Amino acid sequence: MQKTSAWPLAWVYAALIVYASLYPFDNWRDQGLAPWSFLAAPITRYWSSFDVLANLWGYAPLGFWLTLAALRTGHRRWPIRMSVLAGMTLSLALESLQSYLPARVPSSLDWLLNTVGVTVGATLAATLERRGWLDRWGRFRERWFVPQAHGALALLMLWPLALLFPAAVPLGLGQVMERLENALGEALRHTPFLEWLPLRPVELQPLVPGVELLCVMLGLLVPCLLGFSLIRRRVLRVKFVVLLVAVAVLLSALSATLSYGPRNAWTWLDLPSMLGLGLGAVVALLMVPLSHRACLALLLLVGVVHLSVLNQAPASAYFAQTLQTWEQGRFIRFHGLAQWLGWLWPFTVLLDALIRLSQPAPAKRAP
Numbered sequence: 002m003q004k005t006s007a008w009p010l011a012w013v014y015a016a017l018i019v020y021a022s023l024y025p026f027d028n029w030r031d032q033g034l035a036p037w038s039f040l041a042a043p044i045t046r047y048w049s050s051f052d053v054l055a056n057l058w059g060y061a062p063l064g065f066w067l068t069l070a071a072l073r074t075g076h077r078r079w080p081i082r083m084s085v086l087a088g089m090t091l092s093l094a095l096e097s098l099q100s101y102l103p104a105r106v107p108s109s110l111d112w113l114l115n116t117v118g119v120t121v122g123a124t125l126a127a128t129l130e131r132r133g134w135l136d137r138w139g140r141f142r143e144r145w146f147v148p149q150a151h152g153a154l155a156l157l158m159l160w161p162l163a164l165l166f167p168a169a170v171p172l173g174l175g176q177v178m179e180r181l182e183n184a185l186g187e188a189l190r191h192t193p194f195l196e197w198l199p200l201r202p203v204e205l206q207p208l209v210p211g212v213e214l215l216c217v218m219l220g221l222l223v224p225c226l227l228g229f230s231l232i233r234r235r236v237l238r239v240k241f242v243v244l245l246v247a248v249a250v251l252l253s254a255l256s257a258t259l260s261y262g263p264r265n266a267w268t269w270l271d272l273p274s275m276l277g278l279g280l281g282a283v284v285a286l287l288m289v290p291l292s293h294r295a296c297l298a299l300l301l302l303v304g305v306v307h308l309s310v311l312n313q314a315p316a317s318a319y320f321a322q323t324l325q326t327w328e329q330g331r332f333i334r335f336h337g338l339a340q341w342l343g344w345l346w347p348f349t350v351l352l353d354a355l356i357r358l359s360q361p362a363p364a365k366r367a368p
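What the sequence shown shows, in this note's numbering, is residues 2 to 368, in sequence order.
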C-alpha cells in the first residue's frame, strides 16, 4: 500500500474545520430544540456572497484530500461517495453542535453548501486521477523528494496557509507566549495555583529593527531547511529557495490585505523585513550542499532560536486590534483554522525534525 501525504492533510484539515466551526467554544446552552431541527427551519435571508463562498469552498479541500488519499492507498471502490458521505456527516454533526453555541447559527443552507463543496473537491480529485495528473505529481515527487517524506511534505504544504493569519512580525509563526500566559492566568484566577505562575521582572519589550531582521531571516530559514531535508538534489534546492521567497512575499501581502485592506498590502515590507528576506535567502543558498540529516539538525537549532527570540516580544496594540477583526468580523469562520496553523506549525515542524533525526540513517548502497 502506497503512503501518501494526503491522509495527514485530510486529518489536519478536518480537525481545523471542527475548530473553525465551533469557535469560540464558550457559553454552551440548550435551547430545548432537537440539534437537527435546523434542517426543517426556513433558510435565513441574512446571508452574503462571502458566506456562500466560505461554506462552499471551505469543504472542497476536505473532499479533495479524502478522495486523493483513498485513491493513492488503493481504496478505489466508491472513493467519491465515501468522501462525500464523510464530509456530509461531519458538516451535519458540526451544524447540530452549533445549535448549542450562542455565537453560531446552524443552517440547512450551510450544510447543503458544505456538501456541495466536498462533492466538488472529491470529483476534482477523481478527475485528476483519471486523466493522469496525479501520476504526474507522483513522478514529480519521486524526482524532487526522498522516500517516506509524506508527513514532512504535508507540513511544508501547510506553511503558506499558516502565513495567512496576521503575525506581529513577518513570517513570525509560533508567537504564543503572551497569549499563553494570559490564558493560564485567566484559567487559574481565584485558585491558589495562580501564585505558581512565574512573573517576569519587566514587561516584554518591542523588537528593535536588528532583532526583527533576525526573526524574519530565521522565519524564512525554517521552511527552507524543512524542504532541504526532503529534496534530493542541490539544483532543486536552489529552485526551492526562489519559490519559497516568492510564496513568503505574496502570502504575507495577501495576509496584510485581508487584515488591513488592499492599501496596506505592502506596509509590512519595511527595511528590516527586506533585509531579513534577502539575508535568509543568501544563508539558505549557502546551506544547499548540506546533507539531509545536517539540515534536520540545523532545523532544530534555527527553529528553537527563532521561537525563543520571537516570544520575547509582545503583540502591539494595533496588532491586537487586527486580531479582533478576525475574531469578531467575517473572518470568524477562518479564525480558528488560520490561527492554530500559525501557532502550532513551527512546534510541529520541530517535533517532526526531532523524530526523523532520532531514526537511524538509511544504509548507503555498496558501490
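Cβ coordinates follow ideal geometry from the N, Cα and C atoms, glycine included.
Owing to the predicted nature of the structure, the values given are computational and were not obtained by experimental measurement.
Length-filtered (4 minimum) alpha helix (DSSP H) runs lying within the segment 76 to 110: Whole alpha helix (DSSP H) segments, 4+ residues: 80 to 99.
Local conformation of Phe146 per DSSP, three classes: If DSSP states are grouped into helix, strand and coil, Phe146 belongs with the strands.
Closest residue to Ala266 among Pro273, Leu352, Leu311 and Leu165 (Cα-Cα distance): Ranking the options by Cα distance to Ala266, first place goes to Leu165.
Cβ-Cβ distance between Ala249 and Leu221 below 9 angstroms: Contact: yes.
Sequence-distant residues of the same chain with beta carbon closer than 6 angstroms to Trp8, five excluded per side: Leaving aside the five residues that flank Trp8 on each side, the residues in its chain whose CB is nearer than 6 angstroms to its CB run, in chain order, Ala70.
Complete runs of the beta strand (DSSP E) confined to the segment 244 to 323 [at least 3 residues]: With a minimum length of 3 residues, no continuous beta strand (DSSP E) run stays inside the segment 244 to 323.
Any C-beta of chain C under 9 angstroms from that of Leu231: No chain C appears in this structure, which consists of one protein chain only.
Beta carbon of Glu42 nearer than 9 angstroms to that of Ser84: Reading the sequence as shown, one finds Ala at residue 42 and not Glu. In this structure, Ser84 does not lie closer than 9 angstroms to Ala42 by Cβ.
Cβ contact (3+ pairs, closer than 8 angstroms) linking the segment 288 to 307 and the segment 217 to 231: Yes, the segment 288 to 307 is in contact with the segment 217 to 231.
Those residues which DSSP pairs with Ile232 across a bridge: Ile232 is bridged to Phe146.
CB-CB length for Val19 against Leu95, believed under 8 angstroms: With 8 angstroms as the limit, Val19 and Leu95 qualify as a contact, their Cβ atoms being about 7 angstroms apart.
Counted within 10 angstroms of its Cβ, other Cβ atoms place Ser38 as buried (16 or more) or exposed: Answer is exposed; the Cβ neighbour count stays below 16.
Check whether Pro1 and Arg30 have beta carbons under 9 angstroms apart: In the structure as shown, the chain starts at 2 and stops at 368, and residue 1 therefore has no counterpart that could be examined.
Alpha-carbon to alpha-carbon, Leu10 and Met218: The alpha-carbon of Met218 is positioned some 27 angstroms away from that of Leu10.
Under 9 angstroms between C-beta atoms of Leu6 and His191: With the sequence shown as reference, residue 6 is identified as Ser, and Leu is not the correct amino acid for it. If you check the CB distance, Ser6 and His191 do not come in under 9 angstroms.
Own chain residues within Cβ distance below 6 angstroms of Arg137, not counting five before or after: Here the set comprises nothing.
C-alpha distance - Gly175 paired with Leu244, whole-angstrom precision: Rounded to the nearest whole angstrom, the CA to CA distance from Gly175 to Leu244 is 22 angstroms.
Supposed close pair Val177, Asn312 - CB separation, criterion 8 angstroms: Right, the Cβ-Cβ distance comes to about 7 angstroms (below 8 angstroms), so this counts as a contact.
Endpoints, alpha helix (DSSP H) assigned at Leu72: Run containing Leu72: Ala61 to Arg73, per the alpha helix (DSSP H) assignment.
Alpha carbon of Phe194 to alpha carbon of Ser256, nearest angstrom: Roughly 38 angstroms between the two C-alpha positions.
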